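Residue numbers (my numbering): 208 to 678.
Where a beta carbon is used, it is the ideal one built from N, C-alpha and C, also for glycine.
Note that this is a predicted model, so its numbers are computed, not measured.
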Ligand SMILES: [Mn+2]
């Protein structure tokens, strides 16, 4: 046999057809790059019939390894522990520098040999690798059935309204777009709508960058549509009562107080976007960069970058979407652009900032854009030793205050209500809150505008509420 016949990029030692078949079909090694080393005549014939290059030798035969190695790598797929041991031993003595990959179909705790015996050998647990992929495929097979039922309900409708939360968030927005694309609809035959409006600057940026329109509707408008679909929310979550709903797809805790012909509510999921992506993948719908970006951003925000409880499905969806999404767009959504004049507002706000206890206060005075206030509040929280940031700005006839905290202290929503509920609407979550205080309600005004004394009074109320809440 001429020597060049025995060189190959990958040398594969295997013992059975099942291993050889796995390597051939699942790993799809290019046949021209592979030389199979086998012991049995029968397997040699089987491989040769498939046009593959085979060298028959004993795995214990060091001369044989000297002949076929060095190769780029050696893949060892042997289930018999004795053969595995003698092969690795022979290879180590002859060609100890060859990268060796042992392919095991056993789970890690049932490996017949201790990998520590051959510290330079890498063991791949092929079975365990395939199991998550199989679970994904199982979910997609299930999704096909759901999509079929969804189509039975929606396909003959002329107009479908996708109703989102009262203040639509990225998950709702992305899912509305996903459902429209899944069903091959347009924004005319399947508009996105809300009883409220998109208010958060990031979410508004998302609608602009991904070109999404959200209609503001009232309950009376619903009768104009043949079907009502809700994504990322359920009827009891909305301010208004719904006369009817046909389809609900959501991941919030299951509500039982309403009827719908189709309900897919999976509370364990980190985002509804994960459910919608399963529908799209099951149907092999092309997921554009725009849609991938929306869905990825939805999972990012709903799971705080996978930092909240998520399922394997969410992680897998995230991984699938990541290379298909446009991360520049996501950066632009997360940092809505600031006009230059707001730099001056930032500078003034920081110059006048005051720290008391672990709270930083900054008052911007009149602002041209409301979103400067939460942005400065986010920024101020980075100051060393600060647990709370409270930033205000006068916008129109109101003093808007953004409150942020580091998250492991009292809930921002509770403190802000205790401080200023008598002055205007306020509320929020654990680490973020907002107050909208009509100027007319504030003390110590001059010419209708807040003064230093106004701000001191508000700060005192806030600090007092914080101290009371701590006791
Ligand atoms: Mn959600």
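Counting C-beta neighbours from all protein chains within 10 Å, is the total for residue i 16 or more, i.e. buried, or is it exposed?
i, result
"residue 329", "exposed"
"residue 535", "exposed"
"residue 507", "buried"
"residue 209", "Bear in mind that a pLDDT of 43 at residue 209, under 50, signals an unreliable position, so the number given afterwards is only what the model happens to contain. Exposed, by the Cβ-count rule."
"residue 366", "exposed"
"residue 496", "exposed"
"residue 648", "exposed"
"residue 595", "buried"
"residue 654", "exposed"
"residue 568", "buried"
"residue 255", "exposed"
"residue 211", "Legend: pLDDT at residue 211 = 49, less than 50; position of this residue unreliable, value from coordinates given subsequently. Classification of residue 211: exposed, given that the 10 Å Cβ count is below 16."
"residue 352", "exposed"
"residue 660", "exposed"
"residue 599", "buried"
"residue 458", "buried"
"residue 550", "exposed"
"residue 656", "exposed"
"residue 406", "exposed"
"residue 220", "buried"
"residue 451", "exposed"
"residue 605", "buried"
"residue 612", "buried"
"residue 601", "buried"
"residue 510", "buried"
"residue 526", "exposed"
"residue 554", "exposed"
"residue 233", "exposed"
"residue 338", "exposed"
"residue 603", "exposed"
Can you tell which of the options has its C-alpha closest to the C-alpha of residue i?
i, options, result
"residue 430", "463, 441, 368", "368"
"residue 242", "248, 263, 229, 233", "263"
"residue 440", "668, 613, 378", "378"
"residue 461", "449, 448, 476, 450", "476"
"residue 675", "652, 617, 453", "617"
"residue 484", "293, 289, 283, 349", "349"
"residue 272", "375, 295, 254", "295"
"residue 411", "644, 615, 542, 556", "542"
"residue 275", "216, 374, 393", "216"
"residue 344", "569, 491, 532", "491"
"residue 436", "538, 387, 629, 519", "387"
"residue 615", "552, 593, 446, 373", "593"
"residue 396", "407, 383, 637, 406", "383"
"residue 434", "455, 249, 597, 267", "455"
"residue 623", "662, 605, 643", "643"
"residue 426", "318, 408, 373", "373"
"residue 227", "312, 399, 611", "312"
"residue 520", "555, 474, 631", "474"
"residue 385", "672, 583, 481", "481"
"residue 468", "558, 290, 358", "358"
"residue 285", "303, 297, 266, 301", "266"
"residue 229", "283, 269, 524", "283"
For residue i and residue j, I'd like the C-alpha separation in whole angstroms.
i, j, result
"residue 547", "residue 574", "13 Å"
"residue 530", "residue 499", "9 Å"
"residue 453", "residue 360", "8 Å"
"residue 306", "residue 247", "25 Å"
"residue 326", "residue 236", "25 Å"
"residue 502", "residue 335", "28 Å"
"residue 308", "residue 259", "20 Å"
"residue 244", "residue 279", "15 Å"
"residue 562", "residue 444", "39 Å"
"residue 478", "residue 392", "23 Å"
"residue 570", "residue 515", "33 Å"
"residue 448", "residue 651", "42 Å"
"residue 591", "residue 537", "28 Å"
"residue 225", "residue 493", "35 Å"
"residue 287", "residue 239", "27 Å"
"residue 532", "residue 512", "15 Å"
"residue 402", "residue 424", "5 Å"
"residue 398", "residue 463", "26 Å"
"residue 667", "residue 609", "16 Å"
"residue 299", "residue 323", "14 Å"
Using a threshold of 7 Å, is the CB atom of residue i nearer than that to any non-hydrogen atom of ligand 3?
i, result
"residue 356", "Ligands displayed in this structure: ligand 1; ligand 3 is not among them."
Quiz: which residues have CB nearer than 6 Å to ligand 1 non-hydrogen atoms: The set of residues with a C-beta under 6 Å from any non-hydrogen atom of ligand 1 comprises 378, 439, 458, 478, 479, 509, given in chain order.
Complete alpha helix (DSSP H) runs within the segment 353-406 (minimum length 4 residues, chain order): 377-389
Length-filtered (3 minimum) beta strand (DSSP E) runs lying within the segment 256-339: 260-263, 280-284, 307-311, 328-332
Any beta strand (DSSP E) of 3 or more consecutive residues that is wholly inside the segment 463-542: 469-472
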